[in-house]
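S.K.: Please read through the structure below; I'll follow up with questions.
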Amino acid sequence: MDTVPIVLNLLLVLFLVFLNGFFVAAEFALVKVRQTRLTQLVNEGNKRAMYAQKVTQKLDGYLSACQVGITLASLGLGWVGEPAIAHMIVEPLLGSTGLPDYAISAISFGIAFAIITFLHIVLGELAPKSLAIQKAEVTSLWVAAPLMFFYKLLYPAIWFLNGTANALMKRLGLEAISEHEAAHTEEEIRILVNQSHQSGHIDQTELALVEHVFDFSETLARETMIPRIDMICLYSTNTFEENLEIIRTQRHTRFPVADDDKDNIIGFVHATDFYLAALQDGHVELKSLLRPVLTVPETMEISTVLRLMQKKRSQLAIVIDEYGGTAGLVTMEDILEEIVGDIQDEFDEERPEIEKLENGLSVSGMLTLADLNDHLPFELESEDVDTIGGWLYSQLEEEIAVGATVEWEGHLFIVKQMDHHRVTRVLITPIKSDDAQATEEFMTVS
Numbered sequence: 001m002d003t004v005p006i007v008l009n010l011l012l013v014l015f016l017v018f019l020n021g022f023f024v025a026a027e028f029a030l031v032k033v034r035q036t037r038l039t040q041l042v043n044e045g046n047k048r049a050m051y052a053q054k055v056t057q058k059l060d061g062y063l064s065a066c067q068v069g070i071t072l073a074s075l076g077l078g079w080v081g082e083p084a085i086a087h088m089i090v091e092p093l094l095g096s097t098g099l100p101d102y103a104i105s106a107i108s109f110g111i112a113f114a115i116i117t118f119l120h121i122v123l124g125e126l127a128p129k130s131l132a133i134q135k136a137e138v139t140s141l142w143v144a145a146p147l148m149f150f151y152k153l154l155y156p157a158i159w160f161l162n163g164t165a166n167a168l169m170k171r172l173g174l175e176a177i178s179e180h181e182a183a184h185t186e187e188e189i190r191i192l193v194n195q196s197h198q199s200g201h202i203d204q205t206e207l208a209l210v211e212h213v214f215d216f217s218e219t220l221a222r223e224t225m226i227p228r229i230d231m232i233c234l235y236s237t238n239t240f241e242e243n244l245e246i247i248r249t250q251r252h253t254r255f256p257v258a259d260d261d262k263d264n265i266i267g268f269v270h271a272t273d274f275y276l277a278a279l280q281d282g283h284v285e286l287k288s289l290l291r292p293v294l295t296v297p298e299t300m301e302i303s304t305v306l307r308l309m310q311k312k313r314s315q316l317a318i319v320i321d322e323y324g325g326t327a328g329l330v331t332m333e334d335i336l337e338e339i340v341g342d343i344q345d346e347f348d349e350e351r352p353e354i355e356k357l358e359n360g361l362s363v364s365g366m367l368t369l370a371d372l373n374d375h376l377p378f379e380l381e382s383e384d385v386d387t388i389g390g391w392l393y394s395q396l397e398e399e400i401a402v403g404a405t406v407e408w409e410g411h412l413f414i415v416k417q418m419d420h421h422r423v424t425r426v427l428i429t430p431i432k433s434d435d436a437q438a439t440e441e442f443m444t445v446s
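Under the UniProt record's numbering, the first residue of the sequence shown carries the number 1, and numbering increases by one thereafter.
Written out as structure tokens, the structure is:
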């Protein structure tokens, strides 16, 4: 038996298995490799990264090339592999057994098919795929240049096959889609970020920032505004001394100016302008210092409000309700706090909106339901109100007073402080506060 043809055919089989594995590894590695990492390597002068980046920029075409390569290698393996193993190895070994020729042929075919299938699946598919997924960066750097050569070599065939497939899809009334879908939905990104946080790749602050960014576009002006009742205004009808006292005691940078009441805001005054005018003239004509103020509806998303404020170069805006009255005031700081959290300056002496206690939470009555839900093992929802204080009003049919309680989802909501008719502080505690497990679960969520 001549061993040369046998060796050559076996080498050809191994080469086709390797070729199949190469295209499988290239396909998975190029899909998984991070573009940002390739860009970093390119900036560092890595030539292989330059090839990989060029490939990923035309990923659909190169993925088609991988599919063509896998198909050709698989067909070649089936064509060469079975005869190489069955006729040149297995049949000669079985020839001395005395079995009939048809039996030897059948057994040889079965053994050859099993061996080729094993090599194709293990060495040509599973192992390269696992390698590419675990070492996507290294793999993509090594496969990029050969894949570019193969793509250019078979470009006419790849173009023809892609065009034929797309034409067939159109005939069926379907649109051709990208083989590589890089876009993710908001929910998918949230899941990915949470998984990264759980695995320790990002910290709690980074997780909160990402979640706040997604919530940002869904937050309305009325949910982040300073309500009308808390607005500090200057009045055109006030004396100079009265307005000066407001500016001195409140320590804000900008003040809205009302003509007679808060429904008639005529502009705003910068505290610096007021002080400079007072130092120069000893008296201030308030209307001479007015600057135009931006007005926005309470249903406008704060992402839109932010763009308007940037366009108008304004630091504050008056929020108008559906009847045209003043609902409140929103500042640039209020909007930024929706992303980065509370920003406290040297004059802020406000009590935290959320305080953790041994048996529950103490929260501001102006805390929005959306923010509160992040600290509860359940969700409070309402289409009519935005704050926990408003929610308590909607749940109680009687007049609210300090000590009023609402039972909800195994928890008590207790009004602890009020300012006239406004709820300013609420205690939330599990009803079974003596149940250690219930209390522990509540405090873990909060």
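Using N, Cα and C, we set each Cβ at its ideal position, and we do this for glycine too.
Please classify residue 411 as buried or exposed, where buried requires at least 16 other C-beta atoms within 10 Å of its C-beta.
M.R.: buried
S.K.: According to DSSP, is residue 18 part of a helix, a strand, or is it coil?
M.R.: helix
S.K.: Output needed for residue 436: all residues of its chain with C-beta closer than 7 Å, excluding positions within five of it in sequence on either side, in chain order.
M.R.: Residue placement at residue 436 is poorly supported in this model, since its pLDDT is 47, which falls under 50; the coordinates still yield a value, given next. Result list for residue 436: empty, nothing under 7 Å.
S.K.: Taking DSSP's pairing of strands, which residues face residue 235 in a bridge?
M.R.: 258
S.K.: Between which two residues does the alpha helix (DSSP H) carrying residue 355 extend?
M.R.: No alpha helix (DSSP H) contains residue 355, which is instead part of the beta strand (DSSP E) from 354 to 357.
S.K.: Mapping DSSP to helix, strand and coil, what is residue 69?
M.R.: In this structure, residue 69 counts as helix in the three-state DSSP scheme.
S.K.: Within the same chain, show all residues whose beta-carbon is closer than 6 Å to that of residue 271, passing over the 5 residues directly before and after it, in chain order.
M.R.: 247 and 253
S.K.: I'd like the list of long-range same chain contacts for residue 396, defined as Cβ closer than 8 Å, with 5 residues on each side in sequence excluded.
M.R.: 404 and 406
S.K.: Suppose you measure from the CA of residue 288 to the CA of residue 269; what does that come to, to the nearest Å?
M.R.: If you take the alpha carbons of residue 288 and residue 269, they lie about 9 Å apart.
S.K.: So, helix, strand or coil for residue 450, using DSSP?
M.R.: Residue 450 cannot be examined here, being either before or after the span of the chain that is shown, 1 to 446.
S.K.: Is the separation between the beta-carbon of residue 392 and that of residue 413 shorter than 8 Å?
M.R.: yes
S.K.: Counting along the chain, where does the beta strand (DSSP E) carrying residue 407 start and finish?
M.R.: 405 to 408
S.K.: Please classify residue 307 as buried or exposed, where buried requires at least 16 neighbouring CB atoms within 10 angstroms.
M.R.: exposed
S.K.: Here's the rule: buried if 16 or more other CB atoms are within 10 angstroms of the residue's CB, otherwise exposed. What is residue 43?
M.R.: exposed
S.K.: Expressed to the nearest angstrom, what Euclidean distance is found between the alpha-carbon atoms of residue 423 and residue 234?
M.R.: 26 Å
S.K.: Would the beta-carbon of residue 301 fall within 8 Å of that of residue 217?
M.R.: yes
S.K.: If you compare alpha carbons, which of 200, 203, 214 and 219 is closest to residue 188?
M.R.: 214
S.K.: Are the beta-carbon atoms of residue 327 and residue 228 separated by less than 8 Å?
M.R.: yes
S.K.: Measure the Cβ-Cβ separation of residue 447 and residue 212 and say whether it is below 8 Å.
M.R.: The first residue shown for the chain is 1 and the last is 446, placing residue 447 beyond what the model contains.
S.K.: Under the three-state reduction of DSSP, which class applies to residue 387: helix, strand or coil?
M.R.: strand
S.K.: By DSSP, does residue 330 sit in helix, in strand, or in coil?
M.R.: strand
S.K.: Do residue 130 and residue 29 have their beta-carbon atoms positioned less than 8 Å apart in this structure?
M.R.: With respect to residue 130, residue 29 sits apart: the two C-beta atoms are not nearer than 8 Å.
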